Amino acid sequence: MADEGVGSEGISKISDVLSGSLNGKRARVRGWAYRARASNNLAFIVIRDSSGIIQCAFKKDSVPADVFDKAKGIYVESSLWAEGTVREDSRAPGGFELTCDNIGVICLGEAFPIAKDQSTEFLLDTRHLWLRSQKLTNVMKARYYMLGLLREFFDKEGFFEVAPPIITKAGCEGGSTLFEVNYFGDKAYLTQSSQLYAEIYITALEKVYVLAPSFRAEPSRTVRHLAEYWHLEPEMAFYSNAMNMELQEKMIAYVANNLASRHSDIVKACGQDPAYLASIKAPFERIPYTKAIEIVNANGGKMAWGEDFGADEEALLTKGKSMPVFVHNFPKKIKSFYMRPDPENPETVLNSDMIAPFGHGEIIGGSERIWEYDYLLQRIREENLDVKNYQWYLDLRKYGSVPHSGFGLGIERLVKWMLNLDHIRDAIPFPRTINRVYP
Ligand code: ATP
Ligand code: MN
Numbered sequence: 229m230a231d232e233g234v235g236s237e238g239i240s241k242i243s244d245v246l247s248g249s250l251n252g253k254r255a256r257v258r259g260w261a262y263r264a265r266a267s268n269n270l271a272f273i274v275i276r277d278s279s280g281i282i283q284c285a286f287k288k289d290s291v292p293a294d295v296f297d298k299a300k301g302i303y304v305e306s307s308l309w310a311e312g313t314v315r316e317d318s319r320a321p322g323g324f325e326l327t328c329d330n331i332g333v334i335c336l337g338e339a340f341p342i343a344k345d346q347s348t349e350f351l352l353d354t355r356h357l358w359l360r361s362q363k364l365t366n367v368m369k370a371r372y373y374m375l376g377l378l379r380e381f382f383d384k385e386g387f388f389e390v391a392p393p394i395i396t397k398a399g400c401e402g403g404s405t406l407f408e409v410n411y412f413g414d415k416a417y418l419t420q421s422s423q424l425y426a427e428i429y430i431t432a433l434e435k436v437y438v439l440a441p442s443f444r445a446e447p448s449r450t451v452r453h454l455a456e457y458w459h460l461e462p463e464m465a466f467y468s469n470a471m472n473m474e475l476q477e478k479m480i481a482y483v484a485n486n487l488a489s490r491h492s493d494i495v496k497a498c499g500q501d502p503a504y505l506a507s508i509k510a511p512f513e514r515i516p517y518t519k520a521i522e523i524v525n526a527n528g529g530k531m532a533w534g535e536d537f538g539a540d541e542e543a544l545l546t547k548g549k550s551m552p553v554f555v556h557n558f559p560k561k562i563k564s565f566y567m568r569p570d571p572e573n574p575e576t577v578l579n580s581d582m583i584a585p586f587g588h589g590e591i592i593g594g595s596e597r598i599w600e601y602d603y604l605l606q607r608i609r610e611e612n613l614d615v616k617n618y619q620w621y622l623d624l625r626k627y628g629s630v631p632h633s634g635f636g637l638g639i640e641r642l643v644k645w646m647l648n649l650d651h652i653r654d655a656i657p658f659p660r661t662i663n664r665v666y667p
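If you number the sequence shown the way the working numbering does, the last residue is 667 and the count never jumps.
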């Protein structure tokens, strides 16, 4: 194999070396120098690849001089391969060491700009380099596994994944957070939600979901708002909101339980206890909005009927709880135009938010949709929306309309809660926030 490192012939993944199956044998690993230190007689390079890290040792008096010089000259984050004999060593991270006698430098590079104790801003400016860190690597692996589990869940439940447009004319979560697009001289927007499009598909496929970015020009700086986030939006024909909630809790338990059982190492490496995720079980508590206000106020909050929960109120609501809760039947006047009023209590709608515990807050918003033509038209007018942008949405209520429900899950909110991250920006590789669109 060439020193440039193209191809995989003769290369072992570090996880295979750490599994012990190569103990006593020769192996060549390839990747990046995670740590590098050298004395006059000894050079240690910890190499990382996508599967793990391993310590590689070079002894001056047992390797050719040029090999030792190269090993000594490696920078942190240089790319390279190293070859030697696999030895069990309880002092080495992962329990195995490679006693090396050969090395190939692919790109030596320069001193890496990220050292210990950098400021958060610096790490965000150098995100393109910081993404290699063990912390973010583990989080991005966990995120990938969670997305896989979500898809697996919906496959089993008989859903179809469908593709929405990203550029639209229809806002659905309020005009104030729309990003405008110059669409060949016309005004259009980046989608805030694909829900309205998912509602189209249910008349053919019955149970569908969209997994796509949503865009919100969020003016606030919080630890749980991004301007661009990944949004999972299932929509189901013939579902009431009660059925909707049952599906949501089943989905959350499925992801949590299987993440814990299949990927406990990654969960631990991210700082979460797999036993917590394993303990998440449906059903979740259902709290009517009015009761939720009382709980918030009893825990020291100051909320009046008709107000929405902020981060502080959601934390008060889940105080002392370790499982998510549903808050349902919000006042109609603070919710979106498409939500169906509760016939038993028409000032409220048939909706629910799922609130995660430990201050993580809302992760899902869901509802039963208005499926009657006249009433939907009335609500669109009441909200001062431009009827002509919603003509197609109204059409769905004219031809073969059926009761239906759906919900929206913020992927980064889910990742933040399940891995117990401090900030939502670490749940996505390239966070977009009010003051950041680089790198
Ligand atoms: P919040 O009150 O927290 O701003 P929302 O009521 O605006 O949320 P919805 O419009 O119901 O949220 O969107 C559905 C889901 O999308 C939310 O439950 C949340 O998980 C996620 N979400 C909403 N806005 C954002 C955002 N700016 N960044 C990341 N995720 C978001
Ligand atoms: Mn919002």
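Heads up, the beta-carbon is just placed ideally off N, CA and C, and yes, glycines get one too.
Please read all numbers here as calculations on a predicted model, not as lab measurements.
Looking at residue j and residue i, is the spacing between their C-beta atoms short of 9 Å?
i                 : j              : result
isoleucine 583    : proline 559    : no
phenylalanine 324 : leucine 246    : yes
serine 442        : threonine 419  : yes
isoleucine 458    : isoleucine 639 : Checking the sequence shown, residue 458 turns out to be tryptophan, not isoleucine. Result yes, Cβ atoms of tryptophan 458 and isoleucine 639 sit closer than 9 Å.
methionine 646    : leucine 505    : yes
leucine 308       : glycine 235    : no
leucine 545       : isoleucine 515 : yes
alanine 343       : lysine 300     : no
alanine 455       : glutamine 362  : no
alanine 539       : glycine 594    : no
leucine 270       : glutamate 385  : no
glutamate 305     : leucine 352    : no
isoleucine 521    : tryptophan 533 : yes
glycine 587       : glutamate 541  : no
valine 483        : valine 438     : no
arginine 650      : valine 333     : Before going on, a small fix: residue 650 reads as aspartate here, not arginine. Going by C-beta atoms, aspartate 650 is not nearer than 9 Å to valine 333.
Just the Cα atoms here: how many angstroms apart are residue i and residue j?
i                 : j                 : result
lysine 435        : glutamate 427     : 10 Å
isoleucine 239    : valine 291        : 20 Å
arginine 641      : phenylalanine 296 : 48 Å
asparagine 371    : leucine 487       : Strictly speaking, residue 371 in this sequence is arginine, with asparagine absent from that position. Between arginine 371 and leucine 487, the C-alpha separation is close to 10 Å.
asparagine 648    : glutamate 349     : 21 Å
alanine 230       : glutamate 311     : Because the pLDDT at alanine 230 is just 44, under 50, the model does not fix this residue reliably, and the point stays unresolved.
aspartate 614     : isoleucine 242    : 58 Å
phenylalanine 658 : asparagine 366    : 15 Å
serine 580        : glycine 337       : 53 Å
glycine 382       : threonine 661     : In the sequence under discussion, the amino acid at residue 382 is phenylalanine, which differs from the glycine named in the question. Looking at the two C-alpha atoms, the distance is approximately 30 Å.
leucine 467       : tryptophan 599    : Checking the displayed sequence, the identity of residue 467 turns out to be tyrosine instead of leucine. About 12 Å.
alanine 655       : lysine 549        : 23 Å
asparagine 469    : tyrosine 517      : 15 Å
arginine 653      : glycine 233       : 33 Å
leucine 578       : asparagine 472    : 10 Å
histidine 556     : leucine 424       : 21 Å
asparagine 663    : lysine 626        : 44 Å
lysine 547        : lysine 519        : 15 Å
alanine 293       : valine 257        : 21 Å
asparagine 612    : proline 341       : 52 Å
arginine 597      : arginine 360      : 43 Å
glutamine 619     : aspartate 570     : 25 Å
aspartate 501     : tyrosine 373      : 16 Å
phenylalanine 407 : alanine 416       : 9 Å
lysine 478        : histidine 453     : 25 Å
Using the DSSP secondary-structure output, state which residues sit across from residue i in a beta bridge.
i                 : result
arginine 254      : Thr313
glycine 499       : None; glycine 499 has no bridge partner.
arginine 265      : Phe272
asparagine 187    : The requested residue 187 is not part of the displayed model; the chain covers only 229 to 667.
aspartate 414     : Tyr411
histidine 556     : Pro516, Ser580
valine 436        : Phe388, Glu463
alanine 285       : Phe272, Thr327
asparagine 486    : Its beta-bridge partners do not exist; DSSP assigns none.
glutamate 596     : Ser633
arginine 664      : Thr661
methionine 567    : Arg597
phenylalanine 443 : Glu456
tryptophan 260    : Arg276, Ser307
Quick test of your reading: residue i and residue j, contact by CB under 8 Å. State the CB separation rounded to the nearest angstrom.
i              : j              : result
alanine 398    : asparagine 617 : 5 Å
isoleucine 562 : aspartate 536  : 5 Å
proline 392    : alanine 432    : That pair is no contact at about 14 Å.
isoleucine 302 : alanine 264    : 5 Å
tyrosine 601   : leucine 622    : 6 Å
I'd like to confirm something about residue i: is its beta-carbon nearer than 8 Å to some heavy atom of the ligand COA, or not?
i          : result
serine 422 : Of the ligands this structure carries, namely the ligand ATP and the ligand MN, none is the ligand COA.
Is there contact between the stretch 627 to 643 and the stretch 507 to 517, where contact requires at least three CB pairs shorter than 8 Å? no
Check whether the stretch 273 to 293 touches the stretch 320 to 340, counting contact only when three or more Cβ pairs, one atom from each stretch, lie closer than 8 Å. yes
Any contact of the stretch 492 to 506 with the stretch 458 to 469, i.e. 3+ C-beta pairs under 8 Å? no
Per the contact definition of three or more C-beta pairs closer than 8 Å, is the stretch 522 to 533 in contact with the stretch 562 to 571? Output reads no: the stretch 522 to 533 does not touch the stretch 562 to 571.
Would the stretch 315 to 323 and the stretch 247 to 257 be scored as touching if the rule is three or more Cβ pairs under 8 Å? yes
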